[in-house]
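Protein chains in written order, with my numbering: chain A, 167 to 367; chain B, 3 to 592; chain C, -19 to 430; chain D, 2 to 113.
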Amino acid sequence: MSLISKLMVKPWLAGGTVATEDSLTEALPAAKIGLWLFLCTISGVFALFMVAYQMRIELTTDWVPVPKPTILWLNTALLVLASVAFEWTKAAARQKKPAGIRASLLAGGLLTMAFLGGQLLAWNELVGSGYFLAANPANSFFYLITGLHGLHLIGGLFVWTRTTWRVFAGYEVTLSIELCATYWHYLLLVWIILFGLLLST
Amino acid sequence: MAYVAIADREAELHEPKTFIGKYIWSQDHKVIAIQYSLIAIGVGLVALVLSGMMRLQLAFPNEFAFIDPHNYYQFVTMHGMIMVIYLLTALFLGGFGNYLIPLMCGARDMVFPYMNMLSVWVYLLSVIILMASFFVPGGPTGAGWTLYPPQAIMEGTPGSDGGIVLMLVSLVVFIVAFTMGGLNYVTTVLQARCRGMTLMRMPLSVWGIFIATILGLLAFPALLVSGIMMAFDKLLGTSFFMPAMISVGEPNAYDGGTPVLFQHLFWFFGHPEVYIVALPAFGMVSDILSAHARKNIFGYRMMVWAIVAIGALSFVVWAHHMYVSGMNPYFGFFFATTTLIIAVPTAIKVYNWVLTLWQGNIRLTVPMLFAIGFIFTFTHGGLTGLFLGNVAVDMPLSDTYFVVGHFHMVMGVSPVLVLMAAIYHWYPKVTGRMLDETLGKLHFWLTFLGTYSIYLPMHYLGFLGVPRRYFATGVTEFIPESVQSVNVGITVAALIVAAVQVVFLFNLFWSYFRGKPAGHNPWECTTLEWQTPQTPPVHGNWGKELPVVYRWAYDYSVPGAVDDFIPQNKPNDETTGEPHETGDAEGLHS
Amino acid sequence: MLIAVVVVLLVIGTVIFHFVSPWWFTPLASNWGAIDTTINITFWITGVVFVAINLFLAYCIVKFRYKKNRRAHYEPENRRLEGWLTLITSVGVAAMLAPGLLVWAKFVQIPENSAAFEAVGRQWQWQFRFPGTDGVFGQVDARLINAENPFGMQHDDPAGQDDILIDSNIVHLPIGQPVTALLRSQDVLHNFTVAQFRVKMDLVPGLVTYMWFEPTKLGTYDILCEELCGIAHHAMRGKVVVDEPADFENWLAGYPTYAETLAVAAGDAAAGQAQYAVCAACHGMQGEGNQTMNAPKLAGLNGWYLRKQIENYQAGIRGTHKDDIYGRQMQPMAATLVTAAAINNVIAYIETLPDNPAPATISGDVTRGQRLYRNCGACHGARGQGVWSVAAPRQAGMSDWYLVAQLKNFQQGIRGTHPDDGFGWQMGLMAEILHDDQAIDDVVAYINTL
Amino acid sequence: MSTETGQVHPISLYLKIWGLLFILSACSYAVDYFDFQGYLRWFLIITFMWLKAGLIVSIFMHMAWERMALVYAILLPPMFLMVLVGMMAIEGGYTTLTRILFFGPGSAPIVH
Ligand code: HEA
Ligand code: HEA
Ligand code: CUA
Ligand SMILES: [Cu+2]
């Protein structure tokens, strides 16, 4: 039943029966719905930054594009690998292979930290060559957007820490792992879009 | 039915043992609702006092030594911001959303109780940060609740140092709190409804809160983004919104940005925000009208569609706040059109409220009085909105007291009347006691008549051209002396209305101990929250078994039924095919 | 029951109030009658809806009030009725929207024959610029703005040389000529509103906005700023005088072009010394002021402020009020400086005088004064140093008894109320926040500590 | 109407999608390479961006296997955002125009 036809139901007609309808989100556990909603919300945040970016670039006299440190490519690769690692963890969890879970989960987290470290290096490199935050709107946006993306990953790492701890303590964590994987894929996607945007301007 | 299983996860219900677990770090949605409400009402009273101070200055300019332009603008700003965000948004969604969603959907609790608990404490934190700004050097920000840069972060505006920063921080924290709560409300509605509670059987209150929360989740990011960028401009010297300009005669380092971008982002949030406070009110008032008129809500499906349509449309009307802001003037055509279109679904709601009363059997209880008051004030305020929405008409009226009159009529009193109606209506469920009726009527009459006499004249000041956000009008050649007497009248009314809120608070307090015991369903309502086995409902809401829903929320005065209402969880009699005889929902009150 | 009666009474009351209330649009003075017409259409449509809905509401409340034995009618929905209502509403909405959009279409299109002038706003003053004989405005740059170049003109733009600069809150416009107001802000958002013209628009830094109108009635109208722009938002006022074209030309001719402002020779302090001899009699050889003569300290006062005050005295804007005893003494003295060059010379000389803080003679509650000074500092500077862009003079280290006297003058309308005074009324509005003499003493005592 | 959980998708599907993504990215760069200007440029860049995002969301994040409602929820808000994006592009152009007109060519954008 599509949403539209659901909204067309005349609810007063079925009085006395336990009318059923399949849930809009039947197959998913609540936590997944919650995560999806959250992703919608932060997509709003990132998208609005991009709106601002695009408008600001349109009207500026002083836009000096930031050089994109090569390390960013390496970072991108790291984040892709992290994402793959989480996918791997998911598979391991589905096949109930604890060793696989542990290894890949750790790998995912460490790769993410490496990514964050790499981003810091990129910042460092830019600051070193005189591209300060407030010197130019291009710089401002670069730091702002990468910083925000990094913050979201750090938030993810908190959850990752908890999950890892629970894995090693032997709890059942399949759901958490799936959530992490989704979140990481999402942030990878955001990063690719952001990076593309930064590169193309 | 996947969701039933989720709704029934008793094992996961966190049973509190200690006092602290029960009332402070509680994960029970009802306790959290009450915590939200108390904080919101508390901070709302601050805003109320601030409005009193503003009115004193406007009526008796320069009589009170403690009001000067510096703190007048701070009062205006804090009054507006607190009322809109920290009172109404928090009370409708955090307070009533929390209380009603699980009970009306037949769930044991929100789906993420722990996050729900965090939400209220983070909200408290945001309120504390906001209040702290009263105590930093320079005081809170005085930039207007719209916080337009460059002004908000430049010298010459009160609180342009500490005040604005704390305001932005507080807003960010509020958004975090709201997001934690909001994810809960939406997911609970999607996932935790009890058996038989299809989407179209949900009471309109739930619909209103549900859609409003979705609006919030999508709109608050715009505030977050603009807030973060403004904080960067202020603290780190970036130029997102700041063009080249001077500041108190000296050049500064900004260059290239544009304040119009902030306004677009702000109103992309700001307009949905006004519907965030309006939609729950629309929903709750529908339920109250229907229950007390003993009649089904008229045109239920249209009401649902209208809520959804208003919610969706509210994202494409934002720039009607910017007709005279210097944006590309051709936008005016687009936004005037969308803005007036939004009047159509809203009009349908108004018609259906009145048509619900038509051929009803109206009990003029206190909640009903407030609900009727709402219809009156909302119609008035909505219609003045049509003046402002029509771009050419907005030009002479924008930034005058006409706008102040408009938004107080739709926002400063209509949803507030619904809140009060809702408190009178649901208080018996929350506490098990009725609120005192005589005091309630006193409260209603003074609030209703008082606010109307505050806001009606404001429109006429606006026609005259009296600007808003003016500390004093001084001498102008077109504003006659008589305006001063209007202002005095408004202020007197405002002070009376403010005073009568004390009666209300007294009533809330006194009835908690001395009120008439309410029984489990004093208004004889059909919706699930009135069918709980205990009143007030205990942790977990439903005793051993979750309710099962057999009908929509509005089976009032069904032809052939014995009682004039049939609770949602009441099955038809197996033999006759008719609803059971008694009004009591069996099986639940053993 | 009562509520039904009250609703009816409120409807009747509102309608009566609408028709008898004296608070209504000020008479129109521009070509925008169409806006008023649209408003009237909107009024009729919404008025009918308002009355109809609420009377029906009241009727329902009475007719269907609770009776024990009655059952409400069970009717979940009525598609036909709802359909009709939707249709009627849409028609009503369209009937308001269509004329509104037509008016707006007229507004966004500037007519061919319109003349342009520029209104420049900055915290809390107005300035105006006319394009001069070539009809083209010179380009401007916010980064060039300072006390010598208050408009931020680009020096090398030929189009700007003949621009006429009006550094005053008062502007004149010719009647019957469509004009486009180009609006520019030098700092924060402001708004240009003349209630009688009906149109308004914000001034946005980093952007030039516009609106157009045709003044149709002679007279003087208030310009109000209707976009919150800081602490003195309500004191940011100007005047527009609608003149016969000839009078307008006369008025405009009285103002210098940009090239002329550049050409004025810098003051010669040596020449000024001779002229200062007259002043020294009262203000002291070192410009240190003399309380017994009621002559304030001049040394250290901002040059642009000195010039403006001398010009005000000369033009009879200051020192002509019948209660302004000392100002009336100053007025003939100012008249001795016959030429602009003479004024410049004197100012140049005064600027060379040693600036020693005047002795403090006023005492008061400094903490209270500090709280009050939050308001003053926005214009006069946090250290009371004076800020050219707000035209607010220096206070720190100046004769404190004189500040007190002037504040009282402002409060009593002795100063700042002359109709041609483009700046004084602002201070008049501000002086009102000092509630009593004690408050004046307090704030001046605080100024003494700066 | 229930969907089985934990379904397994053929690797080949993923590979195909990767391929598509590469092609789309190439298109994005082509926009730069051919130096399209103005609204066309933004239109193309954003279209490719959304196509990419759509693919990733639907395949890698399993959206294509989710329920209708979620699809609505994920598609509607971007539409509003697109309105905002479009309006902001126009607004940016308008602002630049007045800047060039009144503040001189020095204010013209020097990039793109
Ligand atoms: C709850 C809050 C709320 C609600 C519901 C509304 C509802 C509406 N508002 Fe309001 N508005 C505000 C809160 C709200 N507003 C606030 C806070 C501000 C000021 C912010 C600030 O600047 O500080 C504001 C400002 C504001 C402006 C900007 C004015 C300016 O600054 O110049 C405009 C302009 O278009 C506007 C329009 C409307 C319209 C068209 C509606 C419509 O939705 C109204 C629809 C309702 C009806 C129309 C009534 C019912 C209909 C009928 C009974 C039938 C009608 C029949 C016919 C027309 C035939 N509002
Ligand atoms: C919900 C929103 C809300 C509410 C309830 C109010 C209530 C009041 N407002 Fe407010 N007001 C705003 C929102 C609101 N306002 C906003 C957004 C602005 C714009 C700010 C800006 O320009 O930046 C504004 C600005 C504003 C101005 C314009 C100032 C200026 O431009 O210079 C004035 C002037 O008279 C004013 C007066 C009042 C008065 C007298 C009351 C009341 O006192 C009216 C009477 C009281 C009630 C109707 C009872 C309400 C009770 C509570 C709020 C407390 C507790 C609740 C419970 C117990 C349930 N307000
Ligand atoms: Cu300038 Cu308000
Ligand atoms: Cu709006």
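The beta carbon of each residue, even a glycine, is placed where N, CA and C say it ideally should be. Quick caveat, the model's predicted, so the values are computed rather than measured.
Original post:
Does any residue of chain D bring its CB to less than 9 Å from the CB of F264/B?
Top reply: In the second sequence, counting from the first residue as 1, residue 264/B sits at position 262. Chain D places no beta carbon closer than 9 Å to that of F264/B, leaving this residue out of the contacts.
**OP:** Could you name the residues of the same chain whose beta carbon sits closer than 7 Å to that of F234/B, not counting the 5 residues immediately before and after it, in chain order?
**Re:** Stepping through the second sequence from its first residue, residue 234/B is reached at position 232. Excluding residues within five positions, the ones whose Cβ falls inside 7 Å are T240, F242.
**OP:** Along the beta strand (DSSP E) that carries S165/C, what are the first and last residues, could you check?
**Re:** For the purposes of this step, residue 165/C is taken as the residue at position 185 of the third sequence. It spans 159 to 165 - the beta strand (DSSP E) in which S165/C sits, taken as one unbroken run.
**OP:** Could you check how far apart the C-beta atoms of L169/C and P160/B are, in whole angstroms? I think they sit under 8 Å.
**Re:** Indexing the third sequence from 1 puts residue 169/C at position 189. Indexing the second sequence from 1 puts residue 160/B at position 158. With 8 Å as the limit, L169/C and P160/B do not qualify as a contact, their Cβ atoms being about 16 Å apart.
**OP:** Taking C-beta pairs closer than 9 Å, name the residues in chain C that W178/A reaches, listed in chain order.
**Re:** Numbered from its first residue, the first sequence carries residue 178/A at position 12. What W178/A touches in chain C: Y54, P56, E57.
Original post:
Whose Cβ in chain B lies nearer than 7 Å to the Cβ of P78/D?
Top reply: Walking along the fourth sequence from the start, residue 78/D turns up at place 77. The contacting residues are L220.
Original post:
CA-CA distance, D10/B and G146/B?
Top reply: Mapped onto the second sequence, residue 10/B falls at position 8. Mapped onto the second sequence, residue 146/B falls at position 144. Per-residue confidence for D10/B stands at a pLDDT of 46, beneath the threshold of 50, marking its modelled position as unreliable; no derived number is given.
**OP:** Output, in chain order, the set of chain A residues within a Cβ distance shorter than 9 Å of P223/B.
**Re:** Walking along the second sequence from the start, residue 223/B turns up at place 221. Here the neighbours are T207, I208, S209, G210, V211, F212, A213, L214.
Original post:
In chain order, what residues of the same chain lie with their CB nearer than 7 Å to the CB of W209/B, ignoring the 5 residues before and after it?
Top reply: Translated into positions along the second sequence, residue 209/B becomes position 207. If we look at W209/B and ignore the five residues flanking it on each side, its Cβ neighbours are G285, V306, I309.
**OP:** Check whether the Cβ atoms of Y403/B and V468/B lie closer than 9 Å to each other.
**Re:** Mapped onto the second sequence, residue 403/B falls at position 401. Mapped onto the second sequence, residue 468/B falls at position 466. For Y403/B and V468/B, yes; Cβs fall inside 9 Å.
Subject >> Closest residue to F324/A among Y349/A, S171/A, L310/A, V217/A (Cα-Cα distance) >> reply: Taking the first residue of the first sequence as 1, we reach residue 324/A at position 158. Residue Y349/A holds the alpha-carbon nearest to the alpha-carbon of F324/A among Y349/A, S171/A, L310/A, V217/A.
**OP:** Have a look at R203/B and A555/B and give me their C-alpha separation to the nearest angstrom.
**Re:** To locate residue 203/B, count along the second sequence from 1; it is residue 201. To locate residue 555/B, count along the second sequence from 1; it is residue 553. Going from the Cα of R203/B to the Cα of A555/B covers about 6 Å.
**OP:** Name, please, each residue of chain D whose Cβ falls closer than 7 Å to the Cβ of I359/A.
**Re:** Stepping through the first sequence from its first residue, residue 359/A is reached at position 193. Within 7 Å Cβ-Cβ: M50, A54.
Subject >> Near ligand 1: T18/C beta-carbon under 8 Å from a heavy atom >> reply: For the purposes of this step, residue 18/C is identified with residue 38 of the third sequence, where counting begins at 1. Outside the cutoff, so no.
Subject >> ligand 1 heavy atom lying under 8 Å from the CB of P417/B >> reply: In the second sequence, the residue the question calls residue 417/B occupies position 415. True, at least one ligand heavy atom lies under 8 Å from that Cβ.
**OP:** Return helix, strand or coil for V477/B, following the three-state DSSP convention.
**Re:** Locating residue 477/B in the second sequence gives position 475, counting from the first residue. V477/B carries a coil assignment under DSSP once its states are collapsed to helix, strand and coil.
Original post:
Within 10 angstroms of its Cβ, does I297/C collect 16 or more other Cβ (buried), or is it exposed?
Top reply: By one-based count along the third sequence, residue 297/C stands at place 317. Label assigned to I297/C: buried.
**OP:** Throw me the rounded Cβ distance for the A52/C and Q361/B pair, which I believe falls under 8 Å.
**Re:** Position 72 of the third sequence holds residue 52/C. Position 359 of the second sequence holds residue 361/B. Separation of the CB atoms of A52/C and Q361/B is rounded to 6 Å, and the pair is thereby assigned contact status at 8 Å.
Original post:
So is A199/D in contact with chain A if we call contact Cβ pairs under 9 Å?
Top reply: Here chain D has residues from 2 to 113 only, and residue 199/D is not among them.
**OP:** Please confirm whether any heavy atom of ligand 2 lies closer than 8 Å to the CB of G414/B.
**Re:** Residue mapping note: residue 414/B aligns to position 412 of the second sequence, counting from 1. The answer is yes for G414/B.
Original post:
What in chain D is Cβ-close to E338/A, meaning under 7 Å?
Top reply: As a working mapping, residue 338/A is identified with position 172 in the first sequence. Near E338/A there are no residues of chain D at all, since even the closest Cβ is about 15 Å away, more than 7 Å.
**OP:** Report the neighbours of G94/D on chain A: residues whose CB is nearer than 9 Å to its CB, in chain order.
**Re:** Residue mapping note: residue 94/D aligns to position 93 of the fourth sequence, counting from 1. When 9 Å is used as the limit between beta carbons, G94/D is near these residues of chain A: E224, L225, in chain order.
Subject >> Sequence-distant residues of its chain with Cβ nearer than 8 Å to P231/A (five each side left out) >> reply: Taking the first sequence and counting its residues from 1, the one referred to as residue 231/A is at position 65. Only A304, T367 meet the Cβ criterion.
Original post:
For a contact meaning CB atoms closer than 9 Å, what does V346/C contact in chain D?
Top reply: Counted from its first residue, the third sequence places residue 346/C at position 366. Residues of chain D passing the Cβ test: none, with the nearest at roughly 45 Å.
**OP:** Return the CA-CA distance between F215/A and Y39/C, expressed in angstroms with no decimal places.
**Re:** Translated into positions along the first sequence, residue 215/A becomes position 49. Translated into positions along the third sequence, residue 39/C becomes position 59. Distance between the alpha carbons of F215/A and Y39/C: 53 Å.
**OP:** Say whether chain B places a C-beta atom closer than 9 Å to the C-beta of V1/D.
**Re:** Chain D is shown only over 2 to 113; residue 1/D falls outside these bounds and no answer can be derived.
**OP:** Mind listing the chain C neighbours of G105/D? Cutoff is C-beta to C-beta under 9 Å, in chain order.
**Re:** On the fourth sequence, position 104 is the one that residue 105/D refers to. Residues of chain C passing the Cβ test: Q119, V120, D121, Q134, D137.
**OP:** Taking C-beta pairs closer than 9 Å, name the residues in chain B that K180/C reaches, listed in chain order.
**Re:** Start at 1 with the first residue of the third sequence, and residue 180/C comes out as number 200. In chain order: V326, M397, P398, S400, D401.
Subject >> Endpoints, the beta strand (DSSP E) within which D182/C is located >> reply: Your numbering for residue 182/C matches position 202 in the third sequence. Run containing D182/C: 180 to 183, per the beta strand (DSSP E) assignment.
Subject >> Which residues DSSP lists as bridging R298/C, in chain order >> reply: Position 318 of the third sequence, counted from the first residue, corresponds to residue 298/C. BP columns for R298/C are empty, so no partner.
**OP:** Kindly indicate which three-state DSSP category H398/C falls into: helix, strand or coil?
**Re:** Position 418 of the third sequence holds residue 398/C. The DSSP-derived three-state label of H398/C is coil.
**OP:** Report, in whole angstroms, the separation of the C-beta atoms of G377/C and A338/C, which I expect to be a contact under 8 Å.
**Re:** The residue given as residue 377/C occupies position 397 in the third sequence. The residue given as residue 338/C occupies position 358 in the third sequence. That pair is a contact at about 6 Å.
Original post:
Closer than 8 Å: is that where the CB of W381/C sits relative to any heavy atom of ligand 2?
Top reply: Against the third sequence, residue 381/C aligns to sequence position 401. Not under cutoff, so the answer is no.
Original post:
Using the C-alpha atoms, what's the distance from L299/A back to A161/C?
Top reply: For the purposes of this step, residue 161/C is identified with residue 181 of the third sequence, where counting begins at 1. For the purposes of this step, residue 299/A is identified with residue 133 of the first sequence, where counting begins at 1. About 38 Å.
Original post:
ligand 3: which residues have Cβ under 5 Å from any of its heavy atoms, chain order?
Top reply: H170/C, C205/C, C209/C, H213/C, M216/C
Original post:
What does A275/C pair with, by DSSP beta-bridge criteria?
Top reply: For the purposes of this step, residue 275/C is taken as the residue at position 295 of the third sequence. Looking at the DSSP assignment, A275/C forms a beta bridge with N270/C.
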